[in-house]
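Worksheet for the structure shown next.
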Amino acid sequence: MSFAEILLIGVSLSMDAFAVSLCKGLCMRKINYRYAVIIAGFFGIFQALMPLLGWFLGKQFERYIVSFDHWVAFGLLLIIGGKMIFDVFEKEKEISKPVFEKMNYKELLLMSLATSIDALAVGITFAFLGASIWMSVAVIGLITFAICFAGVLLGNRFGAKYKKKAQFAGGTVLILIGLKILLQHLGIIHF
Numbered sequence: 072m073s074f075a076e077i078l079l080i081g082v083s084l085s086m087d088a089f090a091v092s093l094c095k096g097l098c099m100r101k102i103n104y105r106y107a108v109i110i111a112g113f114f115g116i117f118q119a120l121m122p123l124l125g126w127f128l129g130k131q132f133e134r135y136i137v138s139f140d141h142w143v144a145f146g147l148l149l150i151i152g153g154k155m156i157f158d159v160f161e162k163e164k165e166i167s168k169p170v171f172e173k174m175n176y177k178e179l180l181l182m183s184l185a186t187s188i189d190a191l192a193v194g195i196t197f198a199f200l201g202a203s204i205w206m207s208v209a210v211i212g213l214i215t216f217a218i219c220f221a222g223v224l225l226g227n228r229f230g231a232k233y234k235k236k237a238q239f240a241g242g243t244v245l246i247l248i249g250l251k252i253l254l255q256h257l258g259i260i261h262f
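Per our numbering, the sequence shown starts with residue 72, numbered consecutively.
This is how it looks when you write it as structure tokens:
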């Protein structure tokens, strides 16, 4: 597997995490670079570790992982996106409460997991193709980190003007990403 192919896989795998990073940036009143690094770090680490885990699981567990990974991703994104939408309406009652007070590590962990489940299957594929797993996970992790860091910054620029609408849109995007993952794996849509 060539470096260019691994690079393209890394960019492709990071797109769901990029969308979530945009949502997290949308919820910040003012950009917090420390939080942007933490968010990007979580996504980068998970996008790198999941292919590594897939690599070690290998061919013997492929049929089990493929059969439910899309349901797990859909469920996690539906819950997280639904909570974001719910919070929009709840926060209207609390005018003085900032949109993004502190980092919710549990939520970030769930989002990182939900957006990296497909990377597990990619790792299994890497095992079949004999790809260099260490180079692959390094490239995927670094690309995801950079793209997600940029996503938080871009999301914050847009979100400063449209906080509640942006948070509602962010929750909707997460639900739609989960639905897309589910429909793709069920063979209903092909992107």
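Think of the CB as a built atom: it goes at the ideal place given N, C-alpha and C, for glycine as much as any other residue.
Computed from a predicted structure; not experimentally measured.
Suppose only complete runs of 4+ residues qualify. What are the alpha helix (DSSP H) ranges in the stretch 154 to 229, listed by chain order?
Segments of the alpha helix (DSSP H) lying fully in the stretch 154 to 229: 176 to 200.
If you run the structure through DSSP and keep just helix, strand and coil, what is ARG105?
Taking the first residue of the sequence shown as 1, we reach residue 105 at position 34. Note: ARG105 maps to helix in three-state DSSP.
Is the distance from the Cβ of VAL208 to the Cβ of PRO122 below 7 Å?
Residue mapping note: residue 208 aligns to position 137 of the sequence shown, counting from 1. Residue mapping note: residue 122 aligns to position 51 of the sequence shown, counting from 1. Contact: yes.
Pull up the distance between the alpha-carbon of ALA221 and that of GLY96, whole angstroms please.
Residue 221 sits at position 150 when you count from the first residue of the sequence shown. Residue 96 sits at position 25 when you count from the first residue of the sequence shown. For ALA221 and GLY96, the distance between alpha carbons rounds to 9 Å.
Where does HIS141 land, buried or exposed, given buried means 16+ other C-beta within 10 angstroms?
As a first step, residue 141 must be located in the sequence shown, where it is residue number 70. Classification for HIS141: buried.
Assuming contact is defined by CB atoms lying nearer than 7 Å, are PHE89 and ILE252 in contact in what I supplied?
In the sequence shown, residue 89 corresponds to position 18, counting from 1. In the sequence shown, residue 252 corresponds to position 181, counting from 1. No, Cβ-Cβ distance for PHE89 and ILE252 is not below 7 Å.
Would you tell me roughly how many angstroms separate the C-alpha atoms of TRP29 and GLY212, rounded to the nearest one?
Since the first residue of the chain shown is 72 and the last is 262, residue 29 is not available in this structure.
Whole angstroms are fine: how far does the CA of PHE145 sit from the CA of GLY249?
Here residue 249 is taken as the residue at index 178 of the sequence shown, counted from 1. Here residue 145 is taken as the residue at index 74 of the sequence shown, counted from 1. In a straight line, the C-alpha of GLY249 is about 4 Å away from that of PHE145.
Going by the CB atoms, is the gap between GLY112 and ILE214 shorter than 7 Å?
By 1-based counting over the sequence shown, the position of residue 214 is 143. By 1-based counting over the sequence shown, the position of residue 112 is 41. The answer is no: Cβ separation not under 7 Å.
From this set, GLY129, LEU225, LEU257, which residue's C-alpha is nearest LEU93's C-alpha?
By 1-based counting over the sequence shown, the position of residue 93 is 22. Among GLY129, LEU225, LEU257, the Cα nearest to that of LEU93 is on LEU225.
Mapping DSSP to helix, strand and coil, what is HIS141?
One-based indexing of the sequence shown puts residue 141 at position 70. Helix, per DSSP.
Take the Cβ of GLY201 as the centre, count every other Cβ of all protein chains shown within 10 Å, and call the residue buried at 16 or more, exposed below.
Here the question's residue 201 lines up with position 130 in the sequence shown. Counting Cβ neighbours within 10 Å, GLY201 comes out exposed, since fewer than 16 surround it.
Quick one: what does DSSP say SER92 is sitting in, helix, strand or coil?
On the sequence shown, position 21 is the one that residue 92 refers to. It is helical.
Taking a contact to mean a Cβ-Cβ separation below 7 Å, would you say ALA190 touches LEU84 in this structure?
Counted from its first residue, the sequence shown places residue 190 at position 119. Counted from its first residue, the sequence shown places residue 84 at position 13. Contact: yes.
Does DSSP put LEU149 in a helix, in a strand, or in coil?
Within the sequence shown, residue 149 is the residue found at index 78, counting from 1. Of the three classes helix, strand and coil, the one that applies to LEU149 here is helix, per DSSP.
Using alpha carbons as the reference points, say which of PHE74, GLN255, MET86, ILE110 lies closest to LYS177.
Against the sequence shown, residue 177 aligns to sequence position 106. The option with the nearest alpha carbon to LYS177 is ILE110.
MET86 and ASN227: beta carbons closer than 7 Å?
Numbered from its first residue, the sequence shown carries residue 86 at position 15. Numbered from its first residue, the sequence shown carries residue 227 at position 156. Their beta carbons are not under 7 Å apart, which means MET86 does not touch ASN227 by this criterion.
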